[in-house]
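In this text, residue positions in the sequence shown follow this note's numbering: the first is 47, and each later residue adds one. All C-beta atoms in this analysis are idealised placements derived from N, C-alpha and C, irrespective of residue type, glycine included.
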Amino acid sequence: MKRHIAAALVLTTVFGAACALAQETFRDLVGNVKVGKAPGTETVQVPFIVWGGDVATFHANGGLKTKPGSIYEKQGLNLQLKPGDDFIQQVRDYLAGKSPLLRGTFRMIGMASEVIGSAPATKGVVLFQMTWSAGDHAVARERVKTIKDLKGAKVCLQKGGPHEGLLDDLLHDAGLAWRDVSVVWAKDLTGSENCPAALFRKDNSIDVCFVISPDMLGLTSGLQSVGSGLEGTVKGARVLASTAERSRSIADVYVVRKDFFDANRAWCETFAAGYLKACEEVIELKKQYDSQGSKPFEALLRMVQTIYGKDVIPTIEEDAYGLILDCAYVGHPGNVKFFTGENNLSGFDAFQKTALDLAATRGYAKVRAGLIPSPLDWNSAVFTGYLTKTDVKRGDRFRAEAVMDEIEALNAGGSLNDNTIYEFAINFKPNQNEFSAVQYGVEFRKVAELSTKYGNAVIAVRGHSDPTKILLETVQAGLKKGILKKTGTRGNYTYYLQGRKLDLTATDALAAAIKRGDFDGAPGVNPRETMQAALNLSRKRAEAVKDAVLDYAKKQGIEMDQSQIQPMGVGITEPIIPKPSSMAEAEQNMRVEFRLIRVKAEVMNESDFDF
């Protein structure tokens with residue numbers, strides 16, 4: 047899949063050279079702009095950027111000017127769409143009263159929040175959410191295995207672009223801070239010698255670069271691939287994290303001036319409803335296009351190419367279509383959840399906090415000036431009487447059997463670690479079967495946060511057992527059968543299985559020998575049966591932990607998708623200490639591991655909207 051130099055160009059233009067200057071506040075970038083009166087509704091200037099979510103705006107309007115017969119024309123609106131790739135100029139127009147709207151990501155709006163919040167009239171009302179991003183990536187070298195390894199890493203990203211927010215998210219997820227990384231700032235997002243991908247290629251000391259899909263593909267060849275060094279890829283480079291999984295990182299929104307909203311609430315409701323109607327229609331046209339072809343959808347793609355230009359959108363089949371593929375429309379259900387969902391860890395309140403914190407931390411704002419959540423009544427007839435997909439109930443996001451097969455295949459192929467984004471574990475005592483929130487509440491909260499923010503990744507709950515008993519029984523069985531010989535003195539024995547040295551710390555090889563039946567038939571001892579019992583017990587503990595996590599989330603009012611949390615028994619095959627010499631060492635092996643795993647899209651159930 048190619049993503050779209052288009053999306054890169056907008057972000058390069060948004061901040062460009064201005065943001066290459068260190069520690070300039072957003073107010074410095076905007077300059078002195080006299081606050082003007084809000085415009086009327088006769089013809090409203092509406093900004094757009096190069097992104098798949100804006101395709102729905104084009105469809106609703108019929109083009110840059112409201113076209114007869116279009117959604118917005120039928121609703122009585124008259125819009126003039128204007129390129130808003132220069133976000134600083136967008137803010138100037140917004141303040142001056144040329145346009146009542148801002149179009150950007152939530153983090154971009156956060157960077158401007160102090161400026162637009164400096165006057166009551168221009169305070170920002172986040173009117174509605176358009177999409178989530180699925181096409182931004184952190185690409186790492188071999189030495190950075192999971193996001194925990196960002197500690198001490200040198201990272202490269204464009205200053206002022208969307209990846210500051212993505213890096214901020216990943217650091218938070220890993221329990222790290224900006225001081226834990228060394229940053230190399232790139233001037234451009236892509237397409238130059240001073241962009242993260244180019245600098246990553248030239249400077250081997252850069253551990254991680256933040257890029258969009260075309261550059262990710264060039265560096266690694268795919269989301270689940272590792273660069274071979276051939277065909278332009280970087281040897282060992284792979285995707286560390288991505289909005290393809292960390293799907294609640296980049297939210298695109300429209301913001302309206304408070305004075306305009308107060309004076310024209312009905313217009314704002316209609317504008318939002320028209321956009322959401324267009325989302326429904328674009329999705330249906332895409333389905334037709336995918337299954338049997340669709341002339342209206344092809345016409346829409348041609349419109350996208352015409353509006354953005356062939357230099358940005360060279361082809362409609364790949365580039366215009368790719369814009370849509372790299373975004374996830376949230377629709378009416380997503381807006382309801384974003385603005386009204388209680389305890390939504392990826393909702394408006396959570397996003398506002400992280401956006402304002404980031405703006406202050408990075409020096410774009412000196413004051414945290416809050417944005418106003420959408421005051422729209424999502425249950426009003428403006429939406430429920432007009433839209434067709436307002437009462438959508440999303441089922442399980444993942445197909446459990448397919449997920450288990452995928453994880454087992456990754457494990458068998460040796461690439462489970464390469465597809466692990468983050469992991470941590472909790473330990474338990476011998477014979478422990480219950481896991482209370484009193485003891486593990488911090489860890490359970492972490493799992494709940496990861497599940498809501500990484501909506502397209504799976505959390506494997508992997509139970510592990512200590513191998514001490516199996517080791518003892520294996521030695522006993524081997525000696526009784528006469529297939530195992532030992533030499534040396536007590537506490538320092540060397541064992542030989544059928545003439546070959548047996549390494550008791552080589553757990554995989556030992557487990558394979560037990561499975562083959564090498565130690566079957568010894569009187570009074572059965573290592574195979576004991577190993578299976580350990581596997582079964584590890585699975586039961588994983589299931590008990592999953593149940594405890596879900597119970598914790600329910601009591602906290604946090605919504606979790608049960609299909610995303612998959613319990614698995616590992617048994618003795620992955621011990622921390624293969625041959626423990628004390629109970630303290632054995633207890634290090636007694637653990638339940640939470641592993642956040644990148645899986646193929648095929649294991650997910652399809653849904654029109656991402657909410």
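Beta-carbon spacing of GLY273, LEU265 below 7 angstroms: yes
ARG637 burial status per 10 Å Cβ neighbour count (16 or more: buried): buried
Residue range of the unbroken alpha helix (DSSP H) whose run includes ASN473: First-last for ASN473: 466-473, but that is the beta strand (DSSP E), not the alpha helix (DSSP H).
Buried versus exposed call for ASN465 [16 or more other C-beta atoms within 10 Å across all chains shown]: buried
Contacts around GLY534, its chain only, beta-carbon distance under 7 angstroms, and the 5 residues preceding and following it disregarded: THR540
For MET606, the three-state DSSP class (helix, strand or coil): coil
Which listed residue (ASP234, ILE329, ALA647 and GLU639) has its alpha carbon closest to that of PHE655: ILE329
VAL302 vs VAL90 beta-carbon contact at 7 angstroms: no
4 or more residues per run - each alpha helix (DSSP H) lying fully within the region 292-322: 304-309
Check whether GLN136 and PRO93 have beta carbons under 7 angstroms apart: yes
Whole-angstrom distance between ASN310 and VAL254, CA atom to CA atom: 47 angstroms
Among VAL507, GLN612, ALA494 and SER461, nearest to VAL447 - alpha-carbon criterion: According to the sequence as given, residue 447 is Glu; it is not Val. Nearest option by C-alpha distance: GLN612.
SER145, buried or exposed, once every other Cβ within 10 Å from all chains shown has been counted against 16: buried
Alpha helix (DSSP H) segment containing ASP403, residue limits: 394-407
Rounded straight-line distance, which links the Cα of GLN608 to that of GLU469: 19 angstroms
Strand pairing of GLY509, partner residues [DSSP]: GLY615 and VAL638
Close beta carbons around THR553, own chain, < 8 angstroms, minus the five adjacent residues each side: PRO513, ILE618, THR619, GLU620, PRO621 and PRO624
DSSP-derived helix/strand/coil call for TYR500: coil
Length at least 4, wholly inside the region 225-292: the alpha helix (DSSP H) runs in chain order: 242-248 and 259-266
Reference GLN634, options PRO626, ARG641 and LEU404, closest by Cα: PRO626
Three-state secondary structure assigned by DSSP to THR535: coil
HIS183 versus GLU364 - alpha carbon distance: 20 angstroms
Beta-carbon proximity list for MET614, same chain, < 8 angstroms, skipping 5 on both sides: MET450, ILE453, ALA506, VAL507, ARG508, GLY509, ARG585 and ALA588
Top-ranked residue by Cα proximity to PHE384, from LYS80, GLY181 and ALA297: ALA297
Residue from VAL645, GLY150 and TYR140 with nearest C-alpha to GLY163: TYR140
Unbroken beta strand (DSSP E) run spanning MET650, endpoints: Neither: MET650 is in no beta strand (DSSP E) and is coded neither H nor E.
Through-space distance from PHE657 to ARG153, alpha-carbon basis: 19 angstroms
Rounded C-alpha distance that separates PRO379 from LYS197: 38 angstroms
Where ASN390 falls, given that 16 or more other Cβ within 10 Å makes a residue buried: buried
Distance CB(GLU160)-CB(ALA401) smaller than 7 angstroms: no
Span separating the alpha-carbon of ASP564 from that of ASP549: 15 angstroms
Per-residue DSSP class, three states only, for ALA68: For ALA68, the pLDDT reaches just 39, beneath the cut-off of 50, and the residue's location in the model is therefore unreliable, although a value from the coordinates is still provided. Of the three classes helix, strand and coil, the one that applies to ALA68 here is coil, per DSSP.
Cβ neighbour criterion (16 or more within 10 Å) applied to GLN294: Contrary to the premise, residue 294 reads as Arg rather than Gln in this sequence. Buried: at least 16 other Cβ atoms inside 10 Å.
Three-way DSSP call (helix, strand, coil) for PHE94 in this model: strand
Classification of GLN338 by the beta-carbon crowding that lies within 10 angstroms, buried from 16 upward: exposed
Proximity of LEU173 and TYR367 at Cβ, strictly below 7 angstroms: no
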